[in-house]
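Worksheet: the structure to be examined is printed underneath.
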Amino acid sequence: MFSFSLRYPTLQFVKTSRSAVGLKTTNYKICSSISRRYAATSAIQEISTLLLVEHKDNALAVSTLNALTAAKKLGGSVTALIAGENPDSIAKTVSKLDGVSKVLVAKDKVYEHGLPEVYAPLLTTAQKKLNFTHLVASHSAFGKNILPRVAALLDVAQISDVIDIESPEIFVRPIYAGNAIAKVKSIDPVKVLTIRSTTFPPATTVDAEVSRESAPDAEKPTLAEWVGEEIQKSDRPELGSAKKVVSGGRALKSRENFDKLVYSLADALDAGVGGSRAAVDSGYCDNALQVGQTGKVVAPEFYLAVGISGAIQHVAGMKDSKVIASINNDPDAPIFQISDFGLVADLFTAVPELTEKLKK
Ligand SMILES: Cc1cc2nc3c(=O)[nH]c(=O)nc-3n(C[C@H](O)[C@H](O)[C@H](O)COP(=O)(O)OP(=O)(O)OC[C@H]3O[C@@H](n4cnc5c(N)ncnc54)[C@H](O)[C@@H]3O)c2cc1C
């Protein structure tokens, strides 16, 4: 055992044996049995991928860069599709990304808020007119909302949360909350994939620009309409891309405690804030902050779990973090099994002490 003091002698984080009991991965194969009729066609077709670009407030989502790296791994050409009310400047940025061979632009305000009802016909029309073999988006709320609908409209399987690509037909993805890794072979004529962004490096920019042209006109359903959204503005690093994350659990006991302890510690560390589902369900923090199987998957350089037990559904969302530390008053809490550093302490005394020391 290795004792690690983090410069603060009273808070002794103890080096734990991460992954000794943690997640085991098992490789096995699942072969989709659907659409065998298409197998021969897909074998001779050239690989041509359509990448759905995510953007907000005139900024490209970083997860799109990770999805592009995955798209390139498929081989063949990658066409980027960008839609929005005024997507020109983002389209220009995308046209300079390494690996993009063409940019399709759909300019209309119906595309402004990522409604799946309007995006799905846009993608299916592009696929049918331009014969893409693969449709790719990041496994973000945006991609997860749109691509399954596209897959249903194309009558093919949706392949979610892809963490590696072995070939244009074989994809690797976690199952059972990340406790096993499945290799999925798809023999559908079109593969519809969402990509776990933390497992692919971001694509880079090059000097040359590729051509931009209008996307094929698609039906614009009016059954769904954007009403509005309430988003908390914050200067803190965004959870999905933060290099450091502090997450709080049920043990915080109230929203006031969560704000006072977790946010203060995060500010002292310049970290993003996350929470367990128990913390979200109890109303201690917003549900956009949920980390885990049904929340966000994060892989920061440093993840600090405060008063979180380490249920597999939570671990599924943070186990790929480079360094994991946890504070828990139960020495047998499962979170310690996947932690690099553990502090057995009452969070109500340890967190204020740590925050004060970090501020100095
Ligand atoms: C289908 C499904 C999907 C799910 N998806 C998610 C998900 O995406 N994300 C997620 O987080 N969960 C998810 N869950 C819930 C998950 O199973 C757990 O219930 C949840 O993660 C527990 O949250 P917690 O660790 O904050 O609370 P608890 O399990 O109650 O743990 C609280 C911890 O705090 C410690 N503690 C108590 N008091 C103190 C103190 N004073 N100081 C220090 N430590 C203290 C306790 O020892 C305990 O270990 C899902 C569950 C299901 C069934």
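Using numbering that gives the first Met the number 0, the letters of the sequence shown correspond one by one to residues 0 to 359. Ideal placement from N, C-alpha and C gives every residue a C-beta, glycine not left out.
Residue 203 and residue 294 have their C-alpha atoms some 28 angstroms from each other. For residue 157, the CB stays at least 8 angstroms from every heavy atom of ligand 1. Looking at the backbone, the Cα of residue 184 and that of residue 157 are separated by about 12 angstroms.
Measuring C-alpha to C-alpha distances from residue 180 to each of 191, 163, 194 identifies 163 as the nearest. With the rule of 3 Cβ pairs closer than 8 angstroms, the stretch 289-307 does not count as touching the stretch 143-156. Straight-line spacing of the CA atoms in residue 101 and residue 215 works out to 14 angstroms. DSSP places residue 293 outside any alpha helix (DSSP H), giving it a letter other than H or E. DSSP places residue 122 inside the alpha helix (DSSP H), whose first and last residues are 115-129. Measuring C-alpha to C-alpha distances from residue 191 to each of 318, 47, 331 identifies 47 as the nearest.
Inter-segment contact for the stretch 217-229 and the stretch 245-256 is absent: fewer than three beta-carbon pairs are separated by less than 8 angstroms.
Classified as buried, residue 52 has 16 or more neighbouring CB atoms from the shown chains inside 10 Å of its CB. Ranked by Cα distance from residue 346, the first of 325, 213, 358, 337 is 325. Ranked by Cα distance from residue 318, the options 264, 176, 267 are led by 176. Beyond the five residues adjoining it in sequence on each side, residue 196 comes within less than 6 angstroms, by CB distance, of 62, 65, 137 in the same chain, given in chain order. The residue from 259, 127, 159 with its alpha-carbon nearest to that of residue 144 is 159. DSSP, read as helix, strand or coil, puts residue 313 in helix.
Distance from the Cα of residue 79 is smallest, within the candidate group 358, 122, 335, for 122. Between residue 335 and residue 327 a beta carbon distance of about 7 angstroms is seen, short of the 8 angstroms cut, so the two are scored as contacting. With a 10 Å radius around the Cβ and a threshold of 16 neighbouring Cβ atoms, residue 299 comes out buried. With a cut-off of 8 angstroms, the C-beta of residue 138 is classified as distant from ligand 1, since no heavy atom of the ligand falls inside that distance. With a threshold of 8 angstroms, the Cβ atom of residue 319 does not count as near ligand 1, since no heavy atom of the ligand is closer than that.
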